[in-house]
Amino acid sequence: MTRWRRRLLPAALLATGAAVVWWSMVEGRAEQRTNTRVNLGAAPLVGRDEIDGWVWRFGWGLVGAGVLAAALAISCRLGWWWRARQRWVLLATGVGAALFAALLALTDGADGLRYGAEHPTEYWANLSTAPPAGEFVRTFVEQLDRYSVHVRGHPPGFVLVLKFLEAVGLHGVWPVVGLSLLATGATAVAVLLTVRAVAGDEWMRRAAPLLIVAPYAVWMVTSGDAVFAAVGALGVALVAEGANRDGTRAAWFGIAAGLLLGCLLFLTYLGAMLLVIPAVLLLAALVRRERGAWLVVMAGVAAGLAVVAAFWIAGFWWLDGVDATREQYHAGSAGFRRWSYFAIGNLGAALFALGPVTVLGMGTLRSRRMWLLVGGATVALTASHLSTYTKGEVERIWLIFYPWLALAGAALVSRRRRWSGAGAVAVQATCAIVLQAALVSKW
Numbered sequence: 034m035t036r037w038r039r040r041l042l043p044a045a046l047l048a049t050g051a052a053v054v055w056w057s058m059v060e061g062r063a064e065q066r067t068n069t070r071v072n073l074g075a076a077p078l079v080g081r082d083e084i085d086g087w088v089w090r091f092g093w094g095l096v097g098a099g100v101l102a103a104a105l106a107i108s109c110r111l112g113w114w115w116r117a118r119q120r121w122v123l124l125a126t127g128v129g130a131a132l133f134a135a136l137l138a139l140t141d142g143a144d145g146l147r148y149g150a151e152h153p154t155e156y157w158a159n160l161s162t163a164p165p166a167g168e169f170v171r172t173f174v175e176q177l178d179r180y181s182v183h184v185r186g187h188p189p190g191f192v193l194v195l196k197f198l199e200a201v202g203l204h205g206v207w208p209v210v211g212l213s214l215l216a217t218g219a220t221a222v223a224v225l226l227t228v229r230a231v232a233g234d235e236w237m238r239r240a241a242p243l244l245i246v247a248p249y250a251v252w253m254v255t256s257g258d259a260v261f262a263a264v265g266a267l268g269v270a271l272v273a274e275g276a277n278r279d280g281t282r283a284a285w286f287g288i289a290a291g292l293l294l295g296c297l298l299f300l301t302y303l304g305a306m307l308l309v310i311p312a313v314l315l316l317a318a319l320v321r322r323e324r325g326a327w328l329v330v331m332a333g334v335a336a337g338l339a340v341v342a343a344f345w346i347a348g349f350w351w352l353d354g355v356d357a358t359r360e361q362y363h364a365g366s367a368g369f370r371r372w373s374y375f376a377i378g379n380l381g382a383a384l385f386a387l388g389p390v391t392v393l394g395m396g397t398l399r400s401r402r403m404w405l406l407v408g409g410a411t412v413a414l415t416a417s418h419l420s421t422y423t424k425g426e427v428e429r430i431w432l433i434f435y436p437w438l439a440l441a442g443a444a445l446v447s448r449r450r451r452w453s454g455a456g457a458v459a460v461q462a463t464c465a466i467v468l469q470a471a472l473v474s475k476w
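Just add 33 to wherever you are in the sequence shown, counting from 1, and you've got my numbering.
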């Protein structure tokens, strides 16, 4: 009976996921016809054309992405991921994730890389009008109306990052694109380091190729949310590594993790939800009485509070920002986007980003330690969803959660079942390439 349940659960999850995607597409098209202000265009995803964002096209970037995906599938079949040294696995994953995402974006040429960064609604467009950094932070809440929609929906942190790039001579939109590329690779590496610390070397190797070709790569290098994902992932990795250390080293890991996760709160308000993952890891470490857990907790909390205090002294109180953004949200898209659709539509968009292998993995994964990561991310995403403050655009907004959920697919990859691993990589890559070929995304 147990064997049948193990076979039926993945199939049931996949069928349910397919039904959710189908419903969200059909109902989304109907919603767009009756309410043009909903601005989806490629329901449940957001298209660049707000009426019809599905436009099949060909670009040489798709060919490059296909070649890279084929090489990855062959490497899984030949067992390279299990023979290579850890450093090469990490390097290949980081470079591969950034390259695959960049090749997808290059389907539309250089514009595919630039568009999401230089669009008037994004962050970079505000640099010419935002006051100097100190005044910007101090007056951010009071002058929120003067900024673009994405700045109004986030804390002031990312604009400060872009101001820093300008200050050191990195002018224009290409440094922003480069930062997103770097963040895409760093996210994959940080997630793998966390897996190694929590579940061991074998699971790290199983997860690596899937983090390269996950369909959410379509939105990584074209969105500032890739940077948020990287900062969060690096913070979680430091928590996981620190819990395995003792003495001064654990404290330093905790301080570094606290600083990064504290900064994440001032990049995206969803950073508060992502804290579920390190909290779960630390709780499990405390239960197992791991040597560095308490030091990481104390040092991390102190460092995180120091970041919050620094912004408060500079004139920005995080809770005031949350309230101001909530007001902007209700005055804007929340007023004409029905929760009755997005309660399911958001999940449809998330399934597009995660791919079928992740869904199958959810029903197959048996490792309790891997479930600390996948389960923590599931709780975080669910909390964000049920808050009802994310109606649409979650293919981008939830990028900080997707890499952790994608780890579930590692259950289908193993040293002994090499064809299964190669097939999982091929399926995910095909989904990403077809999605890029069909969707002209806003990012």
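Idealized CB from N, CA, C, for every residue including glycine.
Item to complete: Please check the pair Gly442 and Thr391, which I expect to be a contact at CB under 8 Å, by giving their CB distance rounded to whole angstroms.
Response: That pair is a contact at about 5 Å.
Practice prompt. Assign Met34 to one of two classes, buried (16 or more other C-beta atoms within 10 Å of its C-beta) or exposed (fewer than that).
Written response: Residue confidence for Met34 is low, a pLDDT of 44 falling below 50, so the modelled location carries little weight and cannot support an answer.
Worksheet item: Identify the residues that DSSP records as bridge partners of Ala75: which are they?
Response: DSSP lists Leu78 as the bridge partner or partners of Ala75.
Worksheet item: Does DSSP put Met34 in a helix, in a strand, or in coil?
Response: Since pLDDT at Met34 reaches only 44, below the 50 mark, its modelled position is unreliable, and the value read off the structure follows with that caveat. In this structure, Met34 counts as coil in the three-state DSSP scheme.
Practice prompt. Pick helix, strand or coil for Leu472, following the three-state DSSP scheme.
Written response: Of the three classes helix, strand and coil, the one that applies to Leu472 here is strand, per DSSP.
Worksheet item: Measuring from the CB of Ala336, is there a heavy atom of the ligand GDP at a distance below 7 Å?
Response: By its list of ligands, the structure shown contains no ligand whatsoever, and the ligand GDP lies outside what it can speak to.
Practice prompt. Take Trp87 and list the residues in its own chain whose beta-carbon comes closer than 6 Å to its own, dropping the five residues that flank it on each side.
Written response: The residues are Ala75 and Ala471.
Worksheet item: From this set, Leu132, Ala240, Val340 and Gly304, which residue's C-alpha is nearest Ala413's C-alpha?
Response: Across the set Leu132, Ala240, Val340 and Gly304, the C-alpha of Gly304 shows the shortest separation from the C-alpha of Ala413.
Worksheet item: Exposed or buried, Gln65, counting other C-beta atoms within 10 Å across all chains shown (16 or more means buried)?
Response: The C-beta of Gln65 has 16 or more other C-beta atoms within 10 Å across all chains shown, which makes the residue buried.
Worksheet item: Do the region 210 to 229 and the region 374 to 393 meet, that is, are 3 or more Cβ pairs less than 8 Å apart?
Response: They do not touch, by the three-pair rule.
Fill in: Supposed close pair Val184, Val192 - CB separation, criterion 8 Å
About 6 Å separates the two Cβ atoms, so the contact holds.
Practice prompt. Please report how far the alpha carbon of Leu406 lies from the alpha carbon of Val122, in whole angstroms.
Written response: The straight-line gap from Cα to Cα measures roughly 20 Å.
Practice prompt. Using beta-carbon positions only, say whether Ala276 and Ala223 come within less than 8 Å of one another.
Written response: In this structure, Ala223 does not lie closer than 8 Å to Ala276 by Cβ.
Fill in: Cβ pair Cys296, Gly190 closer than 8 Å
With contacts defined as CB atoms closer than 8 Å, Cys296 and Gly190 qualify as a contacting pair.
Worksheet entry | Trp452 in three-state terms, based on DSSP | Collapsing the DSSP output to three states places Trp452 in a helix.
Fill in: Contact under 8 Å by Cβ, Leu468 with Phe385
It is a contact, given that the beta carbons lie within the stated cut-off.
Discussion item. In the DSSP output, what is Gly87 paired with across the bridge?
Written reply: It is Trp, not Gly, that sits at residue 87 in the sequence shown. Paired residue(s): Leu472.
Discussion item. In whole angstroms, give me the CA-to-CA distance for Ala284 and Arg238.
Written reply: CA-to-CA, the gap between Ala284 and Arg238 works out to about 28 Å.
Worksheet item: Do you know offhand how far Ala365's Cα is from Ala376's?
Response: What sits at residue 365 in the sequence shown is Gly, not Ala. Approximately 18 Å between the Cα atoms of the pair.
Worksheet item: Could one say the Cβ of Leu195 lies closer than 8 Å to chain D's Cβ atoms, at least one of them?
Response: Looking at the structure shown, chain D is missing, and only one protein chain is on hand.
Worksheet item: For the putative contact between Leu432 and Ser213, defined by C-beta atoms under 8 Å, what is the C-beta separation to the nearest angstrom?
Response: Not a contact, Cβ separation roughly 11 Å.
Worksheet item: By Cβ distance, which residues of its chain are closer than 8 Å to Asp258, with the 5 residues on each side in sequence left out?
Response: Excluding positions up to five away in sequence, the list reads Trp252, Thr301, Arg429, Ile430, Leu432 and Ile433.
Worksheet entry | Rounded straight-line distance, which links the Cα of Val309 to that of Gly325 | If you draw a straight line from the Cα of Gly325 to the Cα of Val309, it is about 19 Å long.
Item to complete: Report the three-state DSSP secondary structure of Trp4 (helix, strand or coil).
Response: Since the displayed the chain opens at 34 and closes at 476, residue 4 lies outside it and no answer follows.
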